[in-house]
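One line per chain: the protein sequences are A and B, in this order. At position 105 of the first sequence the residue is numbered 1135 (my numbering), and the sequence of numbers has no breaks. At position 31 of the second sequence the residue is numbered 35 (my numbering), and the sequence of numbers has no breaks. In this text, a Cβ means the ideal position worked out from N, Cα and C, and glycines have one as well.
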Amino acid sequence: MTTSVGSVFSAVLDPVNRHDPYPLYTSLRRTPISREADGTYVVSTFREISALLEDPRVSSAYSPEEGADPHQIVGLPPSFLRQDPPGHDRMRRLAMRPFGPPHTPHRVADLQPTLQKIAAGLVRDFPVSTVDLVDQFAYPLPVSVICALLGVPLEDEPRFRDWIDAALNAVTPNVGALGDLAQYLGDLVDRRTADPGDDMLSAMATDDGPEGRMTRAELVATAILLLIAGHETTVNLIANSALVLLRQPLWLERLLADPSLVVPLVEEVLRYDPPVQMLPWRTALADIPIAGTTIPKGSSITLVLAAANRDPEHFKDPDRFDPDRRIAQHLAFGDGIHYCYGAPLARLEAQMALQAIAPVLARARLLEDPPVYRLSAVLRGPRHLRVALD
Amino acid sequence: MHVVVDLTKCQGYAQCAFLAPSAFQMQGDEALIYDPEPTEEQREQVRRAAAACPVQAIQIDRLATQDMPPIHTAPGAGRIVIVGASLAGLRAAEALREEGYAGSLTLIDDEPHGPYDRPPLSKQALSGKIRPEATGLPRRHDLDAQWRLGVRAVGLDLPIRRVQLSDGSSVPFDRLLIATGVRARPWPDPVEGALDGMFVLRTRDDAVRLQQRLHPGTDRPGRVLVVGAGFTGSEVASTCRSLGLDVTVAEAAATPLAGALGNVIGSIAADMQREHGVDLRCGVTVEAIEGSDGRVRRARLSDGSSLDVDVVVAALGGIRNVEWLEDSGLAVGPWGVACDAGCRAFDVNGLVTDDIFVAGDVARAPNAMFGYQFLALEHWANAVSQAEVAAHNMVSDESNRWPHVHMPKFWSLQFGNNIKSVGVPTFADEVVITQGSVEERRFTAAYGYKGRITGAVAFNHAKWLPFYQRLIEQAAPFPPEFPTVDRPDDMLPVPAEVPDQKLMARDATVVVTGHRPTLVRSIG
Chain A
1031 MTTSVGSVFS
1041 AVLDPVNRHD
1051 PYPLYTSLRR
1061 TPISREADGT
1071 YVVSTFREIS
1081 ALLEDPRVSS
1091 AYSPEEGADP
1101 HQIVGLPPSF
1111 LRQDPPGHDR
1121 MRRLAMRPFG
1131 PPHTPHRVAD
1141 LQPTLQKIAA
1151 GLVRDFPVST
1161 VDLVDQFAYP
1171 LPVSVICALL
1181 GVPLEDEPRF
1191 RDWIDAALNA
1201 VTPNVGALGD
1211 LAQYLGDLVD
1221 RRTADPGDDM
1231 LSAMATDDGP
1241 EGRMTRAELV
1251 ATAILLLIAG
1261 HETTVNLIAN
1271 SALVLLRQPL
1281 WLERLLADPS
1291 LVVPLVEEVL
1301 RYDPPVQMLP
1311 WRTALADIPI
1321 AGTTIPKGSS
1331 ITLVLAAANR
1341 DPEHFKDPDR
1351 FDPDRRIAQH
1361 LAFGDGIHYC
1371 YGAPLARLEA
1381 QMALQAIAPV
1391 LARARLLEDP
1401 PVYRLSAVLR
1411 GPRHLRVALD
Chain B
5 MHVVVDLTKC
15 QGYAQCAFLA
25 PSAFQMQGDE
35 ALIYDPEPTE
45 EQREQVRRAA
55 AACPVQAIQI
65 DRLATQDMPP
75 IHTAPGAGRI
85 VIVGASLAGL
95 RAAEALREEG
105 YAGSLTLIDD
115 EPHGPYDRPP
125 LSKQALSGKI
135 RPEATGLPRR
145 HDLDAQWRLG
155 VRAVGLDLPI
165 RRVQLSDGSS
175 VPFDRLLIAT
185 GVRARPWPDP
195 VEGALDGMFV
205 LRTRDDAVRL
215 QQRLHPGTDR
225 PGRVLVVGAG
235 FTGSEVASTC
245 RSLGLDVTVA
255 EAAATPLAGA
265 LGNVIGSIAA
275 DMQREHGVDL
285 RCGVTVEAIE
295 GSDGRVRRAR
305 LSDGSSLDVD
315 VVVAALGGIR
325 NVEWLEDSGL
335 AVGPWGVACD
345 AGCRAFDVNG
355 LVTDDIFVAG
365 DVARAPNAMF
375 GYQFLALEHW
385 ANAVSQAEVA
395 AHNMVSDESN
405 RWPHVHMPKF
415 WSLQFGNNIK
425 SVGVPTFADE
435 VVITQGSVEE
445 RRFTAAYGYK
455 GRITGAVAFN
465 HAKWLPFYQR
475 LIEQAAPFPP
485 EFPTVDRPDD
495 MLPVPAEVPD
505 QKLMARDATV
515 VVTGHRPTLV
525 RSIG
């Protein structure tokens, strides 16, 4: 994604603005559909993004303009995230079988006590004086959960963490690291196939539903997606939530007085400061008339979900953080057939995490505000969130 | 606690079924079955589920303090009477209070129960998953209304503004909302209809009776005959099959759901029924039901065959509850009470009234998206939105009235499939499969009339329907010519084969009640 020099969107991508892109989104929304110099169409308003997420003329598959598909280079098919129906639908259904309804309806809800236990354990182990809420809370919680769910040994975390950091956060995708990750997960899939446990990889490798199984390569592609997406975004959701509570102690007091407030509170964080800020890889399969203009066939489309979540046409007083708001229909998890696969898990993890950490936040003081953010303009969250405990 | 899901909005994201699996379950890809009365222990999970719904389709009990300002009723602030206390009547009452209406509010209904939700009756209630009695609609606790339940409205005296009731009393009003809905069409022969084993399904009590007979127990029925393969008949057949009962469906039209979707899509529904073990017979009628000892024993069909049956479910569509208005001077007929786009009733002379409003299944109103023709709709979402518009207009002056601009939508859950439609599929001359695979029962079809898109239906493909709704709103060209994801190789429009209106009276849930679209002629 290159951009026109001086465009609002280029400022969004500029790391210098990472700590607060929201004023830029306000400017961006003045042109709901804007064309960048490289021909990319950037969409920033709620109605238009919703419409495009539900539009079958918009493809999620790799387009030649993006360059080589890293999955293809390492000999894998694209994950379902980067496929269109019917391939997408089949792979997502197969991946859903061991995870959720209708085949495995209790998996996520049954995790609640485990999540509470892990979160309480992390809080208990906090050092006395200062703590990094990212490294010592927001990161370890979802990582241990996704490892247990998928059947990835938690002790391998230092290895795959390096590969994922290299594959995700490099300026150009690091195919070598992706290859190492694929090799690692491929070996794991083979072990689970030979000796299945009650984890999701084992189920996907051995359980024959009405549509059969994924191929080994499809399963590895899916495992890469679920391992990465299964925690990267949740880390940020938990950290962004903790940050807003530290900055707005009124809501922290309300949460401490009424733990059930955590449900609307997490929804409001998802709206107000979503972990996935934009979806950069859609392509128009046809000329698409929208908002008084036309996105020409073949154009690359970037949907800025975080800008839509602050659209005053959809949300009253959108820049105010308000878990009491009645309209809670946000786009943090996308919309349509690619709606976030792991959304229920992310929600429950964040809810349990916040309930566990609220008493700590009540005696915590931010040591750095704004904190240093991750490099990515797509996946938004603080790199560290250091607080002093009184 | 009470829960209702607006299944018109639901697109099968399954977030609720993940987070509260004891209260919400998926059948197949996207058909949602839920418990309308979860226990207090489930409240935490149900709240989580409601908050997570991407389309915000789940309503739970609304407490006065939560959502709305408190109500202070004031004497002399007017008298509003609502006849019909089902979905539309309740929603209108709530909307009136939300609008700040402070006068007296009276709801009248011949059923003794408070407002309940009907769609679960043919599904989770009939299957025994929930009790039919556990279908009460969530409502605000401080409506401050007088409930006259178990008493029927028998007349309307417009000059003196009174509703006459079956107990001989009458209720005065300043403004009236007619929301008397539809009742099940009874079996045409009253002697046969009185046999033990004959059923209809419309009310909660109907569901209790039928559920008791169907449910595996001491006296498990042999074959069930369902007469009529519209939505209710098809859903009853589906539930019976899920209970392991033998089912025959007799349908006069060429296919099931023909009156709602035409024969082309109806033939797919026919395949679905047969795949699930239904003995489906189309193009036949039931000539007689034979009984002995007062019980149903046998059915004789028009094709000369006969069947041994224990239970007959007459799913013959509905009759609009307008008899009580026949001498009122309002414009009433078999399609309901005619009203303008603002829900104000017409009188017999075609003049619009000021204080009489209509909403829900009994209303018949012009729709700008379909050539201003009068539509009669029996759809859940229409009842809700029309009630809200009627309520607003009842307490607003002329300059601030809303039109009821409603895109018709319906859904049906049968045989594990979620069938959803938008627009008016029968206002069509052609239909084309636009996405997906008919063979897999995952597809979208678009309907067109004279070169524009007028309707769409999705089988287990609900997430795509909002796109087609936008095309219908824009009167986009038919057939759609652009490329899409998952487009079939041969996208060939075929005649939609919409049956004539005689049959539509039986099982369509949305009917263009003026002239038929094919009879439209350009003038001059």
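Option in B:I112, B:F463 and B:A61 with minimal Cα separation from B:S441: B:F463
Residue burial classification, B:Q31 (beta-carbon count within 10 angstroms, cutoff 16): buried
C-alpha gap between A:D1237 and A:A1316, whole angstroms: 39 Å
Span separating the alpha-carbon of B:K13 from that of A:G1069: 35 Å
Cβ-Cβ distance between A:F1156 and A:T1252 below 8 Å: no
Beta-carbon proximity of B:P119 to B:G93, cut-off 8 Å: yes
Of the listed residues A:K1346, A:V1265 and A:Q1381, nearest to A:L1295 (C-alpha basis): A:Q1381
Any C-beta of chain B under 8 Å from that of A:R1059: no
Other residues of its chain near B:A68: CB distance less than 7 Å, five sequence neighbours each side excluded: Confidence is the limiting factor: at B:A68 the pLDDT is only 41, short of 50, which leaves the residue's position unreliable and the question unanswerable from this model.
Supposed contact pair A:P1348 and A:D1341 - C-beta distance, whole angstroms, cut 8 Å: 6 Å
Segment contact flag, the region 120 to 128 of chain B with the region 391 to 399 of chain B, C-beta cutoff 8 Å, min 3 pairs: no
C-alpha gap between A:L1141 and A:A1376, whole angstroms: 12 Å
Chain-ordered residues of the region 1134 to 1152 of chain A with a beta carbon less than 7 Å from chain B: P1135, H1136, V1138 and A1139
CA-to-CA distance, A:A1358 to B:Q60, given in whole angstroms: 8 Å
Rounded C-alpha distance that separates B:P483 from B:G452: 7 Å
For B:I64: DSSP bridge partner residues: B:V7
Chain A within 8 Å of B:V389, Cβ atoms only: Looking at the sequence provided, one finds Ser at residue 389 of chain B rather than Val. With 8 Å as the cut-off, B:S389 does not count as an interface residue toward chain A.
Coarse secondary structure for A:F1039, derived from DSSP in three states: helix
B:S108, buried or exposed, once every other Cβ within 10 Å from all chains shown has been counted against 16: buried
Other residues of its chain near A:R1413: CB distance less than 8 Å, five sequence neighbours each side excluded: V1164, P1401, V1402, Y1403 and R1404
Own chain, CB closer than 8 Å to B:L496, minus 5 neighbours either side, in chain order: V436
DSSP-derived helix/strand/coil call for A:C1177: helix
Short Cβ contact (8 Å threshold) for B:A385 with B:K413: yes
Closer than 7 Å: A:S1040 CB and nearest the ligand PLP heavy atom: No copy of the ligand PLP occurs in the structure displayed, which carries no ligand at all.
At least 3 beta-carbon pairs within less than 8 Å: the region 1305 to 1319 of chain A vs the region 1259 to 1267 of chain A: yes
At least three beta-carbon pairs within less than 8 Å, the region 290 to 304 of chain B to the region 197 to 205 of chain B: yes
Chain A within 8 Å of B:G32, Cβ atoms only: yes
Same chain only: Cβ atoms within 6 Å of A:D1050, ignoring 5 sequence neighbours per side: none
Span of the alpha helix (DSSP H) around B:D275: A262 to E279
Buried or exposed by the 16-neighbour rule on C-beta atoms within 10 Å, applied to B:T43: exposed
Beta-carbon spacing of B:V326, B:V341 below 8 Å: yes
Span separating the alpha-carbon of A:R1127 from that of A:Y1371: 12 Å
A:I1367, buried or exposed, once every other Cβ within 10 Å from all chains shown has been counted against 16: buried
C-beta neighbour in chain B for A:M1121, strict 8 Å: no
C-alpha gap between B:G364 and A:R1277, whole angstroms: 48 Å
Counterpart residues of B:S174 in DSSP-defined beta bridges: B:Q168
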